[in-house]
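Visitor: Mind having a look at this structure? Questions to follow.
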Amino acid sequence: MEFNRSDFPEDFLFGAATAAYQIEGSAHGGAGSCHWDSFAQVPGNVIGAEDGSRACDHYLLWQDDLDLLRDGGMDAYRFSTSWPRVLPEGRGAVNAEGLDFYDRLVDGMLERGLKPFQTLYHWEMPSALADLGGWANPDVHKWFADFVQIITRKIGDRVHATATINEPWCVSFLSHFLGHHAPGLRDIRAAARAMHHVLKAHGAAMEVLRAEGRDNCGIVLNFEASAPVDGAPENIAAAARQDAIFNRWFIEAITQGSYPEEAMEGFAPHMPAGWQDDMALIGQPLDWLGVNYYTRGLLRAAPDMAWPSVEPVEGPLPKTQMGWEIHPQGLRDILVRLSRDYVGDLPMYVTENGMAWDDRVENGTVYDPARVSFVSDHVRAIAEAMEQGANMKGFFYWSLLDNYEWAFGYEKRFGMVHVDYDTMKRTPKTSYHEFAQALAR
Ligand code: IFM
-16 MEFNRSDFPE DFLFGAATAA YQIEGSAHGG AGSCHWDSFA QVPGNVIGAE DGSRACDHYL
44 LWQDDLDLLR DGGMDAYRFS TSWPRVLPEG RGAVNAEGLD FYDRLVDGML ERGLKPFQTL
104 YHWEMPSALA DLGGWANPDV HKWFADFVQI ITRKIGDRVH ATATINEPWC VSFLSHFLGH
164 HAPGLRDIRA AARAMHHVLK AHGAAMEVLR AEGRDNCGIV LNFEASAPVD GAPENIAAAA
224 RQDAIFNRWF IEAITQGSYP EEAMEGFAPH MPAGWQDDMA LIGQPLDWLG VNYYTRGLLR
284 AAPDMAWPSV EPVEGPLPKT QMGWEIHPQG LRDILVRLSR DYVGDLPMYV TENGMAWDDR
344 VENGTVYDPA RVSFVSDHVR AIAEAMEQGA NMKGFFYWSL LDNYEWAFGY EKRFGMVHVD
404 YDTMKRTPKT SYHEFAQALA R
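Counted the way my numbering counts, the sequence shown spans residues -16 to 424.
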């Protein structure tokens, strides 16, 4: 890879990220079910109707996986703690085995010199709470805060950094408006509520974390470089609506206490009563911001479609296995925009960035030159953003392992380490070795 660790300041961390449902195997260890288990059982929702019940068997193989992080020269590991593993019914009785698992996992990281970066919600709404409306229920922030307190009392003393929510846009808009993720709703009222409640849950979690004495707390938002397909005024306006919903809604609520006008054009009639009163809770100061970035969106107006009347256009750039355009400059631009317009000097991490490819094991190795270039180019984009004033503190590759890619099942391989889902054998890819070499330089 065309960078060295020594190109970055000493306190800049390199690591890899995963999430509980995507790797652990939710059938192990007494975890309760979550909305992905039932979503996956409906034809057409998930390729092959696959779910996370076995995933990568990380629940059983976690020590080997932590060894991979250590042997790859990484400084930190971004993982998530599953709500239904800790509280199988979402509230009430605790699954002691689940809590112990995370206790051992965090100790295992520390023994290997890895800084634990915990995410509290990476998409597993317990089924018992999904029955009550999940993210659309006005009490969801209280349920979440109770979970946060329980897990924080168990492992918070050893965790280096905590994120409340991973990618609230996916939790709310993608899942309640576009219907692509669990619970698979296509309903503007549910979407508006989820978009507000997920932020309220973030705020409630921040309160608990502070009350428990935790510092180094933040949230992980996803961004894409939203651009109009051409200079036509209707396409520019459509891209601006998409930008407001995707890129601005969450960061403006947290840093400015308001929602963008272009998004409220559609959502205002559907917002929960008294939402304005929650903005102070939502706007508590962060210690850092996590930025997930994968691609850009090229957009045009779709006047025949309902609000927001925008649709993506296929772009000309080389694409990953997901069909996502590879556009590292977009990462630089997003980071500079965030620091200039929203967070100033606040530390930022790229908490996810990576690509899927149709990787295969041949003669015992996996050769993935496209991923080697992808990582080099995106790490260089971070360095450029730093030159332009962004206070970047780290980079986490998504993902350590090939894993359950939600609606795409196990078909898309994002890992630096290949997983054979029949044998569970892990095979580090060329990108893993080259990343390790760059970190050693
Ligand atoms: O796999 C997901 C992850 O769970 C959240 N961010 C995007 C990744 C790739 O789609």
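Heads up, the beta-carbon is just placed ideally off N, CA and C, and yes, glycines get one too.
So what does DSSP say about Trp381, is it helix, strand or coil?
Guide: Three-state result, Trp381: strand.
Visitor: In whole angstroms, what is the alpha-carbon distance linking Pro286 and Tyr325?
Guide: So the alpha carbons of these two residues sit roughly 31 Å apart.
Visitor: So the beta strand (DSSP E) Tyr60 belongs to, where does it begin and stop?
Guide: Its beta strand (DSSP E) spans residues Ala59 to Ser63.
Visitor: Under the assumption that Thr278 contacts Glu308 (Cβ atoms under 8 Å), give the Cβ distance between them as a whole number of angstroms.
Guide: Contact flag correct, Cβ pair sits at about 5 Å.
Visitor: Near Leu314, which residues of its chain fall below 6 Å by C-beta distance, leaving aside the five closest residues on each side in sequence?
Guide: Closer than 6 Å at the Cβ level, and outside the excluded window around Leu314, lie Tyr276, His361 and Ala364.
Visitor: Exposed or buried, Gly75, counting other C-beta atoms within 10 Å across all chains shown (16 or more means buried)?
Guide: So Gly75 ends up on the exposed side.
Visitor: Take the Cβ of Ala175 as the centre, count every other Cβ of all protein chains shown within 10 Å, and call the residue buried at 16 or more, exposed below.
Guide: That one is buried.
Visitor: So, Ala0 versus Arg95, is the Cβ gap smaller than 8 Å?
Guide: Going by C-beta atoms, Ala0 is not nearer than 8 Å to Arg95.
Visitor: By the DSSP assignment, the alpha helix (DSSP H) with Asn275 in it spans what residues?
Guide: Not the alpha helix (DSSP H): Asn275 falls in the beta strand (DSSP E), residues Trp271 to Ala284.
Visitor: Taking 6 Å as the limit between beta carbons, can you name the residues of its chain near Ala111, skipping five residues before and five after?
Guide: Closer than 6 Å at Cβ, skipping near neighbours: Glu72 and Gly73.
Visitor: Report, in whole angstroms, the separation of the C-beta atoms of Gln5 and Asn336, which I expect to be a contact under 8 Å.
Guide: Going by Cβ atoms, the distance from Gln5 to Asn336 rounds to 16 Å, so no, they are not a contact pair.
Visitor: Quick check: is any heavy atom of the ligand IFM less than 7 Å from the C-beta of Asn336?
Guide: No, the ligand IFM has no heavy atom inside 7 Å of this Cβ.
Visitor: Taking 7 Å as the cut-off, is the CB of His105 close to at least one heavy atom of the ligand IFM?
Guide: Because some heavy atom of the ligand IFM lies under 7 Å away, the Cβ of His105 counts as near it: yes.
Visitor: Less than 7 Å separating the Cβ of Phe397 from some heavy atom of the ligand IFM?
Guide: Checking every heavy atom of the ligand IFM against the Cβ of Phe397, one is found closer than 7 Å.
Visitor: Which residue from Ser356, Arg37 and Ile265 puts its Cα closest to that of Ser16?
Guide: Ser16 has its Cα closest to that of Arg37, out of Ser356, Arg37 and Ile265.
Visitor: Please classify His218: is it buried, with 16 or more other beta-carbons within 10 angstroms of its beta-carbon, or exposed?
Guide: In the sequence as presented, His is not what sits at residue 218; that position holds Asn. Buried, since its Cβ has 16 or more Cβ neighbours within 10 Å.
Visitor: List, from N- to C-terminal side, the alpha helix (DSSP H) runs of 4 residues or more that fit wholly inside the region 33 to 58.
Guide: The qualifying runs are 41 to 54.
Visitor: Does at least one heavy atom of the ligand FAD sit under 7 Å from the Cβ of Ala2?
Guide: The model depicted lacks the ligand FAD and carries the ligand IFM instead.
Visitor: With a threshold of 8 Å on Cβ separation, who are the neighbours of Val319 within its own chain once the five nearest residues in sequence on each side are excluded?
Guide: Cβ within range, chain order: Ala368, Gln371, Gly372 and Ala373.
Visitor: Assuming Trp106 and Asn149 form a contact by the criterion Cβ under 8 Å, report the distance between their Cβ atoms to the nearest whole angstrom.
Guide: The pair is a contact, with the Cβ atoms about 7 Å apart (cut-off 8 Å).
Visitor: Run the proximity test for Trp19: is its beta-carbon closer than 7 Å to any non-hydrogen atom belonging to the ligand IFM?
Guide: Not under cutoff, so the answer is no.
Visitor: Indicate the three-state DSSP secondary structure (helix, strand or coil) for Asp251 in the structure shown.
Guide: Checking the sequence shown, residue 251 turns out to be Ala, not Asp. In this structure, Ala251 counts as helix in the three-state DSSP scheme.
Visitor: In three-state DSSP terms, what is Glu388?
Guide: Residue state, collapsed to three classes: coil.
Visitor: Quick one: grab the DSSP three-state call for Lys98.
Guide: Reduced to three states, the DSSP call for Lys98 is strand.
Visitor: Tell me the rounded alpha-carbon separation between Leu97 and Asp86.
Guide: If I take the Cα positions, the gap works out to 14 Å.
Visitor: Start and end of the alpha helix (DSSP H) containing Phe357?
Guide: Start and end: Pro352 to Glu370.
Visitor: Are there any heavy atoms of the ligand IFM lying less than 7 Å away from the beta-carbon of Asn28, as far as the coordinates show?
Guide: It does not: the Cβ of Asn28 is nowhere closer than 7 Å to a heavy atom of the ligand IFM.
Visitor: Does the distance from the C-beta atom of Phe(-3) to that of Asp58 stay below 8 Å?
Guide: Cβ atoms of Phe(-3) and Asp58: closer than 8 Å.
Visitor: Could you tell me which of Val181, Phe229 and Gly306 sits nearest to Val104, measuring between CA atoms?
Guide: The displayed chain sequence assigns Tyr, not Val, to residue 104. Cα-wise, what sits closest to Tyr104 is Val181.
Visitor: Please confirm whether any heavy atom of the ligand IFM lies closer than 7 Å to the CB of Asn275.
Guide: Yes; taking the cut-off as 7 Å, the Cβ of Asn275 has a heavy atom of the ligand IFM nearer than that.
Visitor: Below 8 Å CB to CB, which residues in the same chain sit around Met331 once its five sequence neighbours on both sides are set aside?
Guide: Same-chain partners within the cutoff: Trp271, Leu272, Gly273, Val274, Leu318, Leu321, Ser322, Ala373, Asn374, Met375 and Lys376.
Visitor: If you drop the 5 nearest sequence neighbours on each side, which residues of the same chain put their C-beta closer than 7 Å to that of Trp340?
Guide: Taken in chain order, the residues that qualify are Thr303, Gln304, Asp351, Ala353, Arg354 and Arg396.
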